[in-house]
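Heads up, the sequence shown is in numbering that gives the first Met the number 0, so the first residue is 0 and it goes up one at a time.
We put the CB at the ideal spot given by N, CA and C, even for glycine.
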Amino acid sequence: MKAVLMAGGEGTRLRPLTLNKPKPLMPVCNKPIMEHILERLREADITEIYVTLHYLASEIQTYFNDGKNFGVNLFYSIEESPLGTAGAVKLLEKYFTDTFLIMSGDALTDIDLVKAVKFHKKVGSIATIVLTRVESPLEYGVVIVDDAGKVIRFLEKPGWGEVFSDTVNTGIYILEPDVFNLMEEGGVYDFSRDLFPRLLADGAPIYGSVQDGYWCDIGNLKQYREVHQDALMGKIKLRFPGKKLKPDVWVGEACEISPTAEIHAPAIIGNNCKIKDNAQIADFSIVGDNCIIEDGAVLARTIVWNNSYIGKAVSAVGATVCRNNTVEEDSRLEDGVIVGDNCTIGKASIISPQVKIWPNKIIESGSSINMSIVWGQNWPGTLFSALGVKGIANIQVTPEYAARLGTAYGAYLPKGSTIITSRSPHKLARIIKRSMISGLMSMGINVLDLRVAPIPLTRHIVRVSHAKGGIHTRISPYEPEMLLIEFFDENGINISTDVERKIENLFFRQDYRRTEPEEVGQLEYYADPFKGYSEHFMRFINAEAIRKRRFKIVIDYSHGSLSAMLPPLLSRYGCEAVSVNAYMDSAVAPRPTALDASGLNQLAAIVKSLRADLGILVDGESEKISLVDSTGNSITGDRLFLLMIQLIAKKYKNPIIAAQVRAPLLVDKIVNESGGTVIRTKSNSRSLMTEVFANSKICFGGDPKGGFMFPEFQPVFDAVVSISKILELIALYDINIAELNKNIPPIFIQQESIPCTWDAKGKLMRTLVEKFKDEKIDLTDGVKLFFTPDSWVLIRPDPAEPVVHIIAEADTERDSKKLVREYKKIVSKIVK
0 MKAVLMAGGE GTRLRPLTLN KPKPLMPVCN KPIMEHILER LREADITEIY
50 VTLHYLASEI QTYFNDGKNF GVNLFYSIEE SPLGTAGAVK LLEKYFTDTF
100 LIMSGDALTD IDLVKAVKFH KKVGSIATIV LTRVESPLEY GVVIVDDAGK
150 VIRFLEKPGW GEVFSDTVNT GIYILEPDVF NLMEEGGVYD FSRDLFPRLL
200 ADGAPIYGSV QDGYWCDIGN LKQYREVHQD ALMGKIKLRF PGKKLKPDVW
250 VGEACEISPT AEIHAPAIIG NNCKIKDNAQ IADFSIVGDN CIIEDGAVLA
300 RTIVWNNSYI GKAVSAVGAT VCRNNTVEED SRLEDGVIVG DNCTIGKASI
350 ISPQVKIWPN KIIESGSSIN MSIVWGQNWP GTLFSALGVK GIANIQVTPE
400 YAARLGTAYG AYLPKGSTII TSRSPHKLAR IIKRSMISGL MSMGINVLDL
450 RVAPIPLTRH IVRVSHAKGG IHTRISPYEP EMLLIEFFDE NGINISTDVE
500 RKIENLFFRQ DYRRTEPEEV GQLEYYADPF KGYSEHFMRF INAEAIRKRR
550 FKIVIDYSHG SLSAMLPPLL SRYGCEAVSV NAYMDSAVAP RPTALDASGL
600 NQLAAIVKSL RADLGILVDG ESEKISLVDS TGNSITGDRL FLLMIQLIAK
650 KYKNPIIAAQ VRAPLLVDKI VNESGGTVIR TKSNSRSLMT EVFANSKICF
700 GGDPKGGFMF PEFQPVFDAV VSISKILELI ALYDINIAEL NKNIPPIFIQ
750 QESIPCTWDA KGKLMRTLVE KFKDEKIDLT DGVKLFFTPD SWVLIRPDPA
800 EPVVHIIAEA DTERDSKKLV REYKKIVSKI VK
C-alpha cells in the first residue's frame with residue numbers, strides 16, 4: 000500500500016517557530032514531526048510514500064532525502080502554486096492504481112492505521128475519513144456517521160451553535176483511485192470542502208472510521224507545548240531518541256552531565272549536550288542536540304531546540320527556545336515565552352510571560368521585555384565592552400563573526416595599513432585570530448603576526464613600528480567561558496570610544512569597501528619580537544644592581560606565553576629562578592588573574608620550602624602580578640599597589656602617581672608624605688593608560704589587581720617591566736619586602752553589585768547628584784562621597800553591564816560593610 004504525506008503548509012499560527020523551519024520539521028521530543036509520522040507508517044508496513052511540498056520544500060528534501068535512512072522510500076511533489084489538499088494529490092494520480100492512504104505531515108497520532116484500512120475495505124468505501132473524538136471541536140471539521148459508519152453530514156470548523164458531534168476529521172484518509180475522476184487536471188480542490196461534499200451529494204459510499212488513540216494537529220503554540228507534555232506523560236506512543244538514564248529520562252550520545260546537575264523525570268536530553276554544575280533540568284523539559292546548560296541554570300517545562308546556549312543561573316519556565324540561541328547569565332524567561340532562531344538574550348534580561356521574540360534579534364543586557372519583538376535591529380547598539388569585543392567563546396564569538404569584525408576594522412583603516420596581531424596560547428584564540436586576519440586582509444590591510452605573544456609585547460611592537468594598531472585575542476579575565484578581542488591604537492593603548500563607535504557602525508551596516516584582488520593585504524610573521532622588546536626596556540633597568548643582589552625567586556607563569564620569554568632575561572639578571580606552570584597548552588586557558596588564591600597558596604609553600612627571596616605570580620597574559628614575600632605572606636591588590644608606591648617613592652622625588660578613583664585613601668597619604676601628587680582616573684584600564692600616556696609628568700600608575708605602568712618604557716600594564724623594576728628597587732635600596740609589607744596598615748574596602756537596567760542608570764546618577772549636592776563628592780567615575788578622612792563610598796554604574804557597583808572604604812571591616820549595605824538600600828530604592 001502507498002501513502003501521501005501532505006507537507007506543504009506554512010504553519011502561520013505557529014510563528015515564529017515556523018519562520019525558518021517548515022512545520023513538518025518542527026521537533027517534538029527532539030525528533031521532527033514528520034519523522035514520527037514516517038515511523039507510524041512504517042509500523043503499518045507502508046513504505047512507499049509520496050510527499051507534497053510547497054513552503055520551504057528544500058528543507059524537508061534535504062533532511063529526509065530519499066527516506067532510506069528512515070526505513071521508507073520517499074518521492075516528492077512540489078506545488079508551484081497551492082492547489083488545495085486534493086488538488087496536490089491529483090498531481091500524483093499516475094502513481095496510484097489501488098487503495099492508498101493520505102496523512103497530514105504535521106499532525107501527531109498513534110491511531111491504528113492497519114485497523115482503519117481494514118474497515119475501509121470491509122465496508123467497500125470509495126473514501127474513508129479516519130475520525131477521533133475531541134473535547135473542543137471548534138477548530139476542526141466535524142463529521143457525523145450512522146451506526147454502520149456511513150457519513151451523514153459534516154461541517155468545517157463550526158461555531159458552538161452548529162456543533163452536532165465531537166467526532167472530528169483527523170486529516171487521515173483512505174481512498175480509492177476513483178476519486179481522481181471527480182477532479183480536473185490543474186484545478187484547486189480541497190478534500191473537506193470540495194471532494195467529500197460532492198461524494199456525499201452523489202450518494203457515493205463515503206465512510207468515517209472512529210478510531211481510538213492520540214491525535215493532535217499542533218495547530219498553535221499552546222498545542223505545541225502541550226503535545227510535549229502528553230508525549231512525556233505517555234498519552235501518545237512515540238519513540239524517544241537516546242537511552243534511558245533512569246525511569247522517564249532519556250539522554251543522547253556523547254553527553255557530559257555534571258554529578259551535581261539535577262535531571263527530574265520526565266525529561267529528554269539530546270546528543271552532545273553539556274549539563275554543568277548545579278544545573279537543573281526540571282520535569283517536562285526537553286533539551287535538543289549540541290546544547291550547553293551552564294552552572295546553576297534552571298529549566299522547567301521548557302523546550303530548547305538544537306545548538307542553543309543557556310548561561311549561568313538562567314531561569315526558564317514554560318518557555319520555548321528555538322535553534323542557535325544564546326541566553327546569557329542571570330536572564331529569566333517567563334511562562335509562554337518564545338525565542339525565535341539566532342537570537343541573543345543579554346545578561347540579566349527579563350522576558351515577560353507570553354512574549355514572542357522573532358528570529359535574529361539581540362536583546363541588550365539588563366532589558367525588561369514585556370511585549371513581543373517582531374521588527375527591530377538585528378544587533379545591539381554596543382559591540383565593545385570595557386576592554387574590547389567580548390562574547391561566549393565559539394558560540395557568540397565564532398570564526399564567521401571574527402571575520403566580519405576584522406573586515407569592519409579593516410574598512411575603518413586606510414588601505415595599505417599594517418596591523419600587528421597576536422594571541423594567547425589557547426586553541427580558540429588561534430581560530431579567532433586567524434579569522435580576524437582574513438577579514439583584515441580582504442580590506443587591503445597588511446598583517447604582521449606575532450603568533451603567541453604576551454599583550455605588553457604586542458603593545459610595544461605596535462608603538463615602535465609603523466603599524467596603525469594591533470589586535471590581541473585571548474580568554475577574557477575573570478570569565479573563562481568568554482573570548483576577548485582587544486584593539487590597540489598606534490600608541491599601543493586601547494582604541495578610543497570614538498573609534499569603537501566607527502567600527503561598530505561599519506560592523507552593523509556591513510558597509511565595507513571592496514578591494515581588488517591585487518590590493519588584498521600581505522601576511523608576514525615576526526621572527527623574534529621579544530629580542531627587540533627586551534633590548535629596548537633594558538635601557539630603563541639597572542641590570543647590574545640586580546645581578547649583584549643575586550636573587551633567588553620563584554615564578555608562577557600561569558601557563559602563559561611569558562614562560563618561553565622571561566627565563567633568558569632572568570638569567571641575564573643573575574637570578575636563580577624556579578619556574579611553576581611554565582609551559583603552554585593549547586587546550587588549557589592561561590590563568591586569567593594574578594589574584595588566584597589557590598595559586599598564591601601553592602606559591603607561598605614553594606617560596607618557604609626553598610627559602611626564596613620572593614615569589615611572583617604572573618597572570619596568563621603577562622600584564623599583572625601578585626607577590627609572596629620570604630615569609631610566605633601574599634601581597635596582592637590594593638596592598639601591593641601601596642607597596643609599589645613606597646618603592647617608587649624611594650627613587651623619584653615628588654612623584655606624580657596615577658591611580659583609579661576607587662584606590663584606597665592610603666595612596667594619597669603615602670604620596671603626599673613623599674611630596675608627590677595623585678591623579679585619579681576612571682576605574683578602567685583604558686582611562687588609566689590614556690592619562691599616563693597623555694601626562695608626561697606621571698612616573699607610575701597602577702590598579703587594584705596587580706597591573707602597573709612605568710611610562711618611561713610604555714604606558715601600559717607590563718609584568719616583565721614590573722618584575723624587573725621591583726628587583727631593581729629592592730637591590731638599589733636594600734629593601735626587605737617582608738618588612739615593608741608588614742608596615743603597611745590594613746585596608747578595608749568592600750564591594751557589592753546590584754542589578755540596574757540601562758534606563759535606570761541615568762535616573763540613578765541624577766537622583767544621587769541632587770540628593771548629595773551639598774556633600775563633598777567626586778564625579779570622576781560615578782558618584783564618590785567622602786565622609787571622614789578615612790571613609791568614602793563610590794556608586795559606579797558599570798559601563799558594559801546592567802549593574803551598579805557600590806564600593807566603600809572605612810577604618811574597620813565592619814564599618815566598610817555597613818556603608819555598602821546602607822548605600823545598597825539607597826540605590827535599590829532609586830532603581831526599583
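(request) Return the CA-CA distance between I101 and G148, expressed in angstroms with no decimal places. (result) Cα-Cα distance, rounded: 19 Å.
(message) Can you look up A526 in the DSSP assignment and give me helix, strand or coil?
(response) The answer is coil: DSSP assigns A526 none of H, G, I, E or B.
(message) By the DSSP assignment, the alpha helix (DSSP H) with E543 in it spans what residues?
(response) A542 to R548
(request) Report yes if the CB atom of P23 is closer than 8 Å to the CB atom of P15, and no otherwise. (result) Between P23 and P15, the CB-CB gap reaches or exceeds 8 Å.
(message) Could you tell me the alpha carbon to alpha carbon distance between Y223 and P196, rounded to whole angstroms?
(response) 31 Å
(message) Quick check: the Cα distance between K1 and V303, rounded to an integer number of angstroms?
(response) 35 Å
(request) Find out if the Cβ-Cβ distance for the pair F486, Y400 is shorter than 8 Å. (result) no
(request) Run the proximity test for A43: is its beta-carbon closer than 7 Å to any non-hydrogen atom belonging to the ligand ADP? (result) The model depicted lacks the ligand ADP and carries no ligand whatsoever.
(request) Return the first residue and the last residue of the beta strand (DSSP E) that W791 is part of. (result) Secondary structure note for W791: its beta strand (DSSP E) is the uninterrupted segment S790 to P796.
(request) Counting only the same chain and skipping the five closest in sequence on each side, list residues whose C-beta sits under 6 Å from that of W378. (result) In this predicted model, W378 has a pLDDT of only 49, less than 50, meaning its place in the structure is not dependable enough to derive any value.
(message) Does G160 pass the burial test, meaning 16 or more other C-beta atoms within 10 Å, or should it be called exposed?
(response) Its pLDDT being 40, under 50, G160 is placed unreliably in this model, and the value from its coordinates should be taken loosely. Flag for G160 reads exposed.
(request) Tell me whether E774 sits in a helix, a strand or coil according to DSSP, three-state version. (result) coil
(request) Answer with buried or exposed for D44, where buried requires no fewer than 16 other C-beta atoms within 10 angstroms of its C-beta. (result) exposed
(request) Please report the residue range of the alpha helix (DSSP H) in which V133 lies. (result) Careful: V133 lies outside any alpha helix (DSSP H) and carries neither H nor E.
(request) Quick one: using the 10 Å Cβ neighbour count with 16 as the cut-off for buried, is A657 buried or exposed? (result) buried
(request) Give the single residue among V463, D201 and G104 whose Cα lies nearest to the Cα of V50. (result) G104
(request) Take the Cβ of K178 as the centre, count every other Cβ of all protein chains shown within 10 Å, and call the residue buried at 16 or more, exposed below. (result) As written in the sequence, residue 178 is Val, which differs from the Lys given in the question. It is buried - the Cβ of V178 has at least 16 other Cβ atoms within 10 Å.
(request) Just mark V162 as buried or exposed, buried being the case when its beta carbon has 16 or more other beta carbons within 10 Å. (result) In this prediction, V162 scores a pLDDT of 43, lower than 50, which makes its location untrustworthy; no coordinate-derived value is stated.
(request) Can you say whether M232 is buried or exposed, counting buried as having 16 or more other CB atoms within 10 angstroms of its CB? (result) exposed
(message) Check whether the segment 610 to 629 and the segment 543 to 560 are in contact - that is, three or more C-beta pairs closer than 8 Å.
(response) yes
(message) I need the straight-line Cα distance from R458 to I725, nearest angstrom please.
(response) 21 Å
(message) Could you compute how far the alpha carbon of G212 sits from the alpha carbon of I128?
(response) Using only the alpha carbons, I get a separation of about 15 Å.
(request) Note the first and the last residue of the continuous alpha helix (DSSP H) segment covering E47. (result) Note, E47: premise wrong, no alpha helix (DSSP H); beta strand (DSSP E) at E47 to L52.
(request) Specify, as a first and last residue, the run of the alpha helix (DSSP H) that T496 falls within. (result) T496 to R508
(request) Consult DSSP for N377 and reduce its assignment to one of helix, strand or coil. (result) Note that N377 scores 49 on pLDDT, short of 50, meaning its location in the model is unreliable and no value can be drawn from it.
(message) In this structure, how does DSSP classify E255 when only helix, strand and coil are distinguished?
(response) strand
(request) Pick helix, strand or coil for V162, following the three-state DSSP scheme. (result) Any reading at V162 must be qualified, since the residue scores a pLDDT of 43, below 50, and its modelled position is unreliable; the value itself is stated next. V162 falls in the coil class under three-state DSSP.
(message) As a quick exercise: from E690, G70 and T811, pick the residue whose alpha carbon is nearest that of N490.
(response) E690
(message) Let me confirm a value: E812 is counted as buried when at least 16 other C-beta atoms fall within 10 Å, else exposed. Which label applies?
(response) exposed
(request) Buried or exposed for W249, please, with buried defined as at least 16 other CB atoms from any protein chain shown within 10 angstroms of its CB. (result) buried
(message) Going by DSSP in three states, E808 sits in which element: helix, strand or coil?
(response) strand
(message) Within 8 Å of any Cβ in chain D, is that where the Cβ of L130 sits?
(response) Of the protein chains in the structure, only one exists, and it is not chain D.
(request) For the alpha helix (DSSP H) containing R462, list its first residue and its last residue. (result) Under the DSSP assignment, R462 falls in the alpha helix (DSSP H) whose first and last residues are I454 to V463.
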